[in-house]
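With mature numbering (1 follows the signal peptide of the UniProt record, and there is no 0) applied, the sequence shown covers -25 to -1, 1 to 228. Beta carbons are placed, not taken as given, at the ideal position from N, Cα and C, and that holds for glycine. Since we're looking at a predicted model, the values are computed, not measured. This report concerns only the one structure given below.
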Amino acid sequence: MKMTRALITGAGLITGLLLSINVSAQDSEPNKWAPANIKIDGQATEWPKPLQFYNNVTKLFYTIANDKENLYVIISVPDQQSQVKIMRSGFTFSVNPSGKKKGGASITFPLTANVNTGAPDVPEASRALIAGELKKQILANLKEIKVDGFDSIPDGNIPVQNTFGIQTAATFDAAGNLVCELGIPLKVLGITAGSDKPIAYRFKVNALKREDKKEQEAKRAKGQPPPMPGQGPDTFAMYYSADFWTRQTLATH
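In structure tokens:
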């Protein structure tokens, strides 16, 4: 009887936790108003916890917010496979001010392919000990982000420190979650401050490239470490992207 009560109590706690987080956004639900002290640094300290929504397809928690000048997005990624995919191929966030769930302007980050940490080859037994620090070092040394579909910005890669007002940052928190933050001026997106029209947003966890798989297999055959620390299980799902669309309106206060 005691064991039964314990199981029921445990199940109730889990259910309560899940109910405190919306599983997915309802179309036309408003954004959150951005925290007054918001800083795009990859740290979620100023954001209300838990984040507003969770999406089971992409395995990420997220909140969309705005103030009078900027749109902000934060995602927290506890899932290891999604972390690996983002670290290798990036996370793409798209915005369509018309509310249509297609097209729109997009930003992809972090772009880690050309980041050189200068890390030496280390024995297999030591890799797990330094992998976390190497991943943080990689994210701290990002140079570029990818943009597409903006009226005022040419498609392609632009510097992380850019003149368009787009801000991005990513890091790992103390719990091991990958946290990505993004800030975009509303005017760059063609969105009028105070508009009450639904805006469509797409969240996409990009897939590992097929050539990445071949590279990993070749390196493992030679007894070399994978091309980047933090790579998880080599499974079929890693080579397919995961995404979803949602609609939300701007917050007014």
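Secondary structure in the segment 134 to 198: the beta strand (DSSP E) runs of 3 residues or longer, each lying completely within the stretch, are 142 to 147, 153 to 160, 174 to 180 in chain order. Under the three-state reduction of DSSP, Glu108 is assigned to helix. The segment 15 to 65 contains, as complete alpha helix (DSSP H) runs of 4+ residues, the segments 55 to 64 (chain order). Taking a C-beta distance under 8 angstroms as the contact criterion, Ile159 and Ile133 do not qualify as a contact pair.
Using a Cβ distance threshold of 8 angstroms, Thr146 and Ile15 do not count as a contacting pair. With respect to Ala175, Tyr215 sits apart: the two C-beta atoms are not nearer than 8 angstroms. If you compare the alpha carbons of His228, Leu225, Phe219 with that of Asn30, the shortest gap goes to Phe219. Taking Val122 as reference, the option from Phe84, Val52, Phe211, Gln136 with the minimal CA-CA separation is Phe84. Separation of the CB atoms of Ile49 and Leu35 is rounded to 10 angstroms, and the pair is thereby denied contact status at 8 angstroms. When DSSP states are grouped into helix, strand and coil, Ala80 belongs to the strand group. No residue range can be given for Val90, since it is assigned to no beta strand (DSSP E) and is classified by DSSP as neither H nor E.
For Lys118, no beta strand (DSSP E) run applies, since DSSP gives it neither H nor E.
Counting along the chain, the unbroken beta strand (DSSP E) around Phe219 starts and ends at 217 to 224.
For Gln112 and Leu157, the gap between their C-alpha atoms comes out near 19 angstroms. Under the criterion of beta carbons closer than 8 angstroms, Ile13 and Glu21 qualify as touching, at roughly 6 angstroms.
Taking each of Gly131, Val70, Glu119, Gly107 in turn and checking the Cα distance to Ile39, the smallest one comes out for Val70. In its chain, beyond the 5 residues on either side, Ser51, Val52, Pro53 have a beta carbon closer than 7 angstroms to the beta carbon of Asn152.
Distance from the Cα of Thr224 is smallest, within the candidate group Thr167, Met213, Thr138, Thr210, for Thr167. The C-beta distance from Ala226 to Asn45 rounds to 12 angstroms, too long to meet the 8 angstroms contact threshold. In the three-state reduction of the DSSP assignment, Phe68 falls in the strand class, which pools E and B.
8 angstroms or more divides the Cβ of Lys43 from the Cβ of Met213.
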